[in-house]
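Quick notes on the structure that follows.
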Amino acid sequence: MTSLSPGSADALLFDLGRVVLDIDFSKAIACWAGHAGCKPEAIVARYVRDSEAYRLHEVGKLSDEDYFASLRASLGISISDAQFLEGWNAIFAGEMPDIAELLPRAAKRMPLYAFSNTNRPHVEHFSKEYADLLGHFRELYLSSSIGLRKPDAEAFDHVVAAMGIPANRIVFFDDLAENIEGARARGLAAVHVTSPHDVGIALKALGI
1 MTSLSPGSAD
11 ALLFDLGRVV
21 LDIDFSKAIA
31 CWAGHAGCKP
41 EAIVARYVRD
51 SEAYRLHEVG
61 KLSDEDYFAS
71 LRASLGISIS
81 DAQFLEGWNA
91 IFAGEMPDIA
101 ELLPRAAKRM
111 PLYAFSNTNR
121 PHVEHFSKEY
131 ADLLGHFREL
141 YLSSSIGLRK
151 PDAEAFDHVV
161 AAMGIPANRI
171 VFFDDLAENI
181 EGARARGLAA
191 VHVTSPHDVG
201 IALKALGI
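Residue numbering for the sequence shown follows the working numbering, beginning at 1 and increasing consecutively.
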């Protein structure tokens, strides 16, 4: 467990999904199944989240059309790109509890940044939908823009260099264990967010 104390950080770095923004992937599956006229269970069993196509789409090396074509093939449904996009963007289920109160409070004390594995359509969607909340971040480092994704070492090194702050003075929040391990391996202090209370507890430890 990362040891946090007042004065131990110069910046905070947040993952977006399930740390700042709530994600419910079953909404995508339900939307696609509705358009395809089949049961959600039929699709969910075939969906592979971390496929090669998914990873390429997240670093901007695969177009939306090609990614949706890969889904059309793997899920065995013949729905349109627009229908795929509708479901794809339906996963955003609002803000995580308390985050709208915690971010502005933290931003008064030190700079906030975000680092997210994401893709162009999601960026377009959440940038508009959650503009006020995301406005607390000085910079958003997004995999589809920087061409690198967590938990790769070069992705963390890129973000740390861009922030211009020593890695050991950055506290990183993420919901996935492999990303926490990747961050710690590059020298960042990292908080594994497994419940909505974890961010608030960490900020309290930092004296925020």
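We treat Cβ as the ideally placed atom computed from N, Cα and C, and that holds for glycine.
Computed from a prediction, not measured in an experiment: that's the story for all the values here.
Item                                                                                                                                                                              : Value
Label Ala-185 either buried or exposed according to how many other C-beta atoms from any shown protein chain fall within 10 Å of its C-beta, with 16 as the threshold for buried. : exposed
From the DSSP output, read off the bridge partner residues of Asp-174.                                                                                                            : His-192
Please name the residue in Gly-7, Ser-8, Leu-16 and Ala-9 whose C-alpha comes closest to that of Ala-114.                                                                         : Leu-16
Jot down the residue ranges of each uninterrupted beta strand (DSSP E) in the stretch 57-134, minimum 3 residues, whole runs only, in chain order.                                : 92-95 and 112-116
Look at the Cβ atom of Val-20, then the Cβ atom of Ile-146, and state whether they are nearer than 8 Å.                                                                           : no
Do Gly-182 and Asp-157 have their C-beta atoms within less than 8 Å of each other?                                                                                                : no
Does the Cβ of Gly-87 have 16 or more other Cβ atoms within 10 Å, making it buried, or fewer, making it exposed?                                                                  : buried
Pick helix, strand or coil for Ile-180, following the three-state DSSP scheme.                                                                                                    : helix
Below 8 Å, can you find three or more Cβ-Cβ pairs linking the stretch 33-51 to the stretch 75-94?                                                                                 : yes
Between which two residues does the beta strand (DSSP E) carrying Asp-198 extend?                                                                                                 : From DSSP, Asp-198 is part of no beta strand (DSSP E) but of the alpha helix (DSSP H) over 198-205.
Nearest-angstrom Cα distance between Gly-7 and Asn-89?                                                                                                                            : 39 Å
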